[in-house]
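K.L.:
The opening residue of the sequence shown carries number 1 in our numbering; numbering runs sequentially from there. In this text, a Cβ means the ideal position worked out from N, Cα and C, and glycines have one as well. Keep in mind that this is a model prediction, so the values were computed, not measured.
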Amino acid sequence: MILPSNPFTHALHDGRKQIGLWLSLSDGFAAQAVAQSGFDWLLLDMEHSPNDLQNVMAQLEALKDSTATAIVRPDWNDTVKVKRLLDMGAPGLLFPMIQTVAEAEQAVAATRYPPRGVRGVGATTRANGFGRYSDYFDRVEDETTVLLQIETRSALALATDIAAVDGVSGIFFGPADIAADMGLLGQPLHPDVWEAIMPVAKALMARGMPVGTLVPDPAVAAQLLKDGFTFVACGSDLGLLVKSADALNARMRVAIT
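(1) Report the CB separation of L189 from V215 in whole angstroms; it is logged as a contact under 8 Å.
(2) Taking Q99 as the reference, which of L225, D138 and D177 has the closest Cα?
(3) Look at the alpha carbon of G20 and the alpha carbon of V34, and state the distance between them as a whole number of angstroms.
(4) Where L127 and I71 are concerned, what is the direct C-alpha to C-alpha distance, given to the nearest angstrom?
(5) Can you check whether the C-beta of D246 is within less than 9 Å of a C-beta belonging to chain C?
(6) Do Y133 and I256 have their C-beta atoms within less than 9 Å of each other?
(7) Taking 8 Å as the cut-off, does the region 130-149 touch the region 89-99 (at least 3 CB pairs, one atom from each stretch)?
(8) Go ahead and pull the three-state DSSP assignment for L238.
(9) Can you list, in chain order, the stretches of the alpha helix (DSSP H) that have 4 or more residues and sit fully within the region 29-64?
(10) As a quick exercise: from A179, Q149 and R84, pick the residue whose alpha carbon is nearest that of P191.
(11) Counting only runs that start and end within the region 85-114, where is the alpha helix (DSSP H) found for 4 or more residues in a row?
(12) For the pair the region 20-31 and the region 79-89, tell me if three or more CB-CB distances fall below 8 Å.
(13) Give the range of the alpha helix (DSSP H) segment to which I19 is assigned.
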């Protein structure tokens with residue numbers, strides 16, 4: 001048996017646009033419900049949701065036959081957590097709050113086996129087909145997506161150097177945290193936020209580095225993809241649930257008056 005190819009990693013490398021959805025409901029059944037919606041990538045969030053390792057593994061299992069690639073965001077740049085997520089078979093990771101080149105190097109090293117990194121070696125894991133993938137150690141490094149999240153003004157200033165770290169697949173801008181750092185808490189679409197992000201994003205694009213983000217407005221998400229972003233999430237499962245529930249209730253209240 002051989003290791004399956006990671007379509008998301010190769011799409012980023014080839015510059016093919018990737019539309020994503022955030023998954024925060026922390027449930028395998030909920031993940032399965034959106035698995036065949038046609039998104040290119042689905043982000044399993046451990047930073048701002050109650051996901052734990054067991055929940056993530058259930059969702060990875062639910063998504064294994066999906067057309068979308070599962071990307072996991074750990075709650076921190078934690079080498080031990082990363083090892084466990086990779087052993088569980090996470091095809092890619094989004095590292096939150098990368099502030100320095102050293103932190104970027106630490107993140108990449110956690111995804112690489114020695115001598116190129118510090119990932120511990122497990123002989124029989126879900127990731128290597130429980131020992132059945134004969135080419136796992138040879139190919140996993142090239143297949144695993146490594147995304148680094150830029151979330152502050154200081155990180156924006158260092159983004160070019162952070163992106164230059166060997167092994168980085170893409171840079172992800174976190175507009176909500178950048179907005180907060182600028183004194184614009186709760187305003188991720190504020191023009192000042194994107195005036196800070198776009199020159200950095202364009203500079204990275206010019207160097208061939210894929211860039212991505214999450215925005216809650218599909219029209220803005222589409223425009224970013226047209227403007228050169230490679231991977232953009234346009235909403236979340238939790239957001240869709242809340243908005244749909246609120247809208248349905250509002251229609252019913254009007255209908256009975």
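P.N.:
Quick answer:
(1) 7 Å
(2) D177
(3) 11 Å
(4) Reading off the sequence, residue 127 comes out as Ala, not Leu. Going by the C-alpha atoms only, they are around 14 Å apart.
(5) No chain C is part of this structure, which consists of one protein chain only.
(6) no
(7) yes
(8) helix
(9) 53-62
(10) A179
(11) 101-110
(12) no
(13) Not the alpha helix (DSSP H): I19 falls in the beta strand (DSSP E), residues Q18 to L23.
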